[in-house]
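Right, one structure below, let's go through it.
Residue numbers (my numbering): 1 to 491.
Written out as C-alpha cells, the structure is:
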C-alpha cells in the first residue's frame, strides 16, 4: 500500500534516539509498519497478582521507556504481543505491537523488562513454563535466561507509584507466588487475522460480500524464495530490498508486459513484505498489499495447553532482524480481509501455514500455503499430516466458494503429483478430482503431472477452475525453486 513510510520512520527514529543511553546490546529503532501486514497470533499478558494486563509504557522516556507494567484493564496496541522463537520453542521472546520491539531484561536498569530489543539476543530470551490452572484457565511463569531469575510484577508499591506493577526479573525460587504468575490471553478481536488452527475454524469469520462475478482470468505466480537460512541458496540471509529485487527479476523474466494479479511466496520473512510491496507498486503503477502468515513451533512449557511461537528468520548480516518466517500472499491493495490457517503439523516440527486474501471487486479468494516436508527421515514420514493439511486448505477454499468467491490456490505443497507414483504422490489426488492444476490447463483428463520446479521434483502448484497458460521460470533468481506461473480462468 502506498504510504508515508519514510516520514514515519524518521519520526520514530528520532523518538528512539533519545533512549540509546539505556539500551540493551540489541536495542535500536524498529519500524512497526513493517510488521503491520502479519496474520500472526497476538496475545495479551495478564498478571494473576492484580488481574491487570501488561502494558509497554511507550509514553515514558529515558530508562523508563517501554517498561512493562501490569496496569491496564483493557487491551490496545501497548498490551498486544506476539511470541517468537529462534530455538524451536525452547525459549520465547515477546514482541510488542506498539513499537515493534522485543522485550528485554534490561541488565543495566535493575533487570526491568522493557520493549527495547531490535532482535532476539540473550536479553530477550525467556523460558515459559506452565505453573498451574484455576477456574480462569492456565497460568505460566517467565524465567529470564540472562538474569537467571523469574519475572515478577512488583505489586508492593502504591497503585499511584510509577513502579507499581512493573515487571522485573527478581525471584530466585522456582516456587513462585501470584506476582510471578501470568496468563496468556489470545487476542480474537478485529486485530486478529488467525482464522483457523488445525480443524478449529472458529475464528475464520465471513469475508466481505464479493462483487457480482464476471468471467475473467488472473495471472498468478507461486515461488519459494528460499529467503531464510538455507546456505544452499544464493538468497541465503537476504535483506528485504534484495529479496524484493529478486521477485521483480522473476516477473521481468516473464516479459516486460507481464503483470501479475496475485503472488504466493514461501520461505519468506515478515519484513520482506513492505519492500516487495513497494517494488510491485513501482513496477506496475498500481497499489499492492503483501500479507504475511508465520510458521510456528510448539513451545516447551512442561504442561498446559499448547502454546505456539512464531519461528524467527535468522538475522541478516549488516541488517539485523527480518521478522518471523512464513508465507506471503501479494494482492491488490483493496484487500482488507485476510486469514491465516495454522495447519495441523507434527508436534515437534514446524507448524506450517496457509494464508488467504480476498479481492472483493473481482470475487476472488487467493490462498497460498507451505506444507510439511514428507517422506522417510523427514517431518511427516508417512504423509499423514499432508492429508490433514490438504483437507484444511481445501476446506478454506470451500468456505470461500460458499461466500461467493472464485478460488485460486497453491504454493509449495512439498509432494510430487499423482502421475509419478512416488512416495506420497497420491496425497493430492482429491484436489485434482475437484480442481485443475496449472499444467493441466483446462483438461480434467490430462496427466496429473507437470514440469519440475526444484531438482527432479514438481512440488509447487497452482489450482483453480482451469488455465489458459502455464509456465515454469527459466531462472531460479537465487532460490532452489523455479517460479510457477499461470493464467487462471475465473468463470
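Yeah, the Cβ is synthetic: ideal placement off N, Cα and C, and Gly gets one too.
- Query: Once you ignore the five residues that flank residue 499 on each side, which residues in its own chain have a CB closer than 8 Å to its CB?
  - Reply: It is not possible to answer for residue 499, since the shown part of the chain is limited to 1 through 491.
- Verify whether the separation of the beta carbon atoms of residue 418 and residue 432 is less than 8 Å. Contact: yes.
- 6 Å CB neighbourhood of residue 286 in its chain, flanking five on each side removed: Cβ neighbours of residue 286 beyond the five flanking positions: none.
- Item | N-terminal and C-terminal residue of the beta strand (DSSP E) that residue 144 is part of | Segment 137-144, the beta strand (DSSP E) holding residue 144.
- Given that a residue counts as buried once 16 or more other Cβ atoms are within 10 Å of its Cβ, and exposed if not, what is residue 322? With 16 or more other Cβ atoms within 10 Å, it is buried.
- So the beta strand (DSSP E) residue 57 belongs to, where does it begin and stop? 53-57 is the span of the beta strand (DSSP E), which, as asked, contains residue 57.
- Task: Please check the pair residue 73 and residue 42, which I expect to be a contact at CB under 8 Å, by giving their CB distance rounded to whole angstroms.
- Result: Going by Cβ atoms, the distance from residue 73 to residue 42 rounds to 18 Å, so no, they are not a contact pair.
- Query: The alpha helix (DSSP H) with residue 276 in it runs from where to where?
  - Reply: Here the alpha helix (DSSP H) through residue 276 covers 272-284.
- Residues bridged to residue 359 by DSSP? Looking at the DSSP assignment, residue 359 forms a beta bridge with 364.
- Task: Kindly list the residues whose CB is nearer than 7 Å to the CB of residue 290, restricted to its own chain and excluding five residues on each side of it in sequence; keep chain order.
- Result: Cβ neighbours of residue 290 beyond the five flanking positions: 37, 273, 276, 277, 328, 330.
- Message: Measuring straight from C-alpha to C-alpha, what distance separates residue 19 and residue 236?
- Response: Because the pLDDT at residue 19 is just 33, under 50, the model does not fix this residue reliably, and the point stays unresolved.
- Counting only the same chain and skipping the five closest in sequence on each side, list residues whose C-beta sits under 6 Å from that of residue 34. Taken in chain order, the residues that qualify are 271, 274.
- Query: Taking Cβ to Cβ, would you say residue 115 is nearer than 8 Å to residue 126?
  - Reply: Cβ distance not < 8 Å, so residue 115 and residue 126 don't count as in contact.
- Could you tell me how far apart the beta carbons of residue 187 and residue 44 are, in whole angstroms, since I believe they sit closer than 8 Å? Rounded, the Cβ-Cβ distance is 6 Å, consistent with contact.
- Query: Using a Cβ-Cβ cut-off of 7 Å (strictly less than) and excluding sequence neighbours within five positions of residue 488, which residues of its own chain qualify?
  - Reply: So the list reads 217, 218, 220, 408, 462, 464, 467, once near-sequence residues are dropped.
- Task: Report yes if the CB atom of residue 340 is closer than 8 Å to the CB atom of residue 193, and no otherwise.
- Result: For residue 340 and residue 193, yes; Cβs fall inside 8 Å.
- Message: Please state the DSSP three-state secondary structure of residue 378.
- Response: When DSSP states are grouped into helix, strand and coil, residue 378 belongs to the coil group.
- Query: First and last residue of the alpha helix (DSSP H) that includes residue 431?
  - Reply: Run containing residue 431: 429-434, per the alpha helix (DSSP H) assignment.
- Message: Taking 8 Å as the threshold (beta carbon to beta carbon), is residue 459 in contact with chain D?
- Response: Among the protein chains of the structure shown there is no chain D, as only one such chain exists.
- What residue does the beta strand (DSSP E) around residue 402 start on, and which one ends it? Run containing residue 402: none in the beta strand (DSSP E); it sits in the alpha helix (DSSP H), 384-402.
- Distance, residue 138 Cα to residue 150 Cα: Taking the straight line from one Cα to the other gives about 18 Å.
- Message: So, under 8 Å CB-CB, residue 453 and residue 443 are touching, yes? Tell me the CB distance rounded to an integer number of Å.
- Response: In this structure, residue 453 and residue 443 do not form a Cβ contact; the two beta carbons are roughly 20 Å apart against a cut-off of 8 Å.
- Task: In angstroms with no decimal places, state the Cα-to-Cα distance between residue 55 and residue 203.
- Result: Straight-line Cα distance between these residues: approximately 25 Å.
- Query: According to the neighbour-count rule (16 or more other Cβ atoms, all chains shown, within 10 Å of its Cβ), is residue 148 buried or exposed?
  - Reply: Under this definition residue 148 is an exposed residue.
- Task: Assign residue 173 to one of three DSSP states: helix, strand, or coil.
- Result: Correct three-state label for residue 173: coil.
- Go to residue 251, then tell me how far its alpha helix (DSSP H) extends in each direction, as first and last residue. For residue 251, the enclosing alpha helix (DSSP H) has its first and last residue at 240-253.
- Message: Do residue 486 and residue 470 count as a contact pair if the criterion is CB distance below 8 Å?
- Response: Yes.
- Among 50, 491, 317, which has the Cα closest to the Cα of residue 181? Restricting attention to 50, 491, 317, the CA atom closest to the CA of residue 181 is found in 50.
- Query: residue 133: buried (16+ other C-beta within 10 angstroms of its C-beta) or exposed?
  - Reply: Counting C-beta atoms within 10 angstroms of its own C-beta, residue 133 has fewer than 16 neighbours from the protein chains shown and is therefore classed as exposed.
- Query: Just reading off the beta strand (DSSP E) that residue 80 is part of, what are its end residues?
  - Reply: First-last for residue 80: undefined, no H or E at that position.
- Hey, residue 160 and residue 297 are a contact pair by Cβ (cut 8 Å); roughly how many whole angstroms apart? Not quite, the Cβ-Cβ distance comes to about 41 Å (not below 8 Å), so this is no contact.
- At which residues does the beta strand (DSSP E) containing residue 456 begin and terminate? Neither: residue 456 is in no beta strand (DSSP E) and is coded neither H nor E.
- In whole angstroms, what separates the C-alpha of residue 425 from that of residue 267? About 22 Å.
- Message: From the DSSP secondary-structure annotation, give me the bridge partner or partners of residue 567.
- Response: Not covered by the structure: residue 567. The range shown for the chain is 1 to 491.
- Message: Can you find the residues in the same chain that come closer than 8 Å, C-beta to C-beta, to residue 381, ignoring five residues on each side of it along the sequence?
- Response: So the list reads 374, 375, once near-sequence residues are dropped.
- Query: Do residue 428 and residue 441 come within 8 Å of each other at the CB atom, strictly closer than that value?
  - Reply: Not in contact: residue 441 and residue 428 (Cβ atoms no closer than 8 Å).
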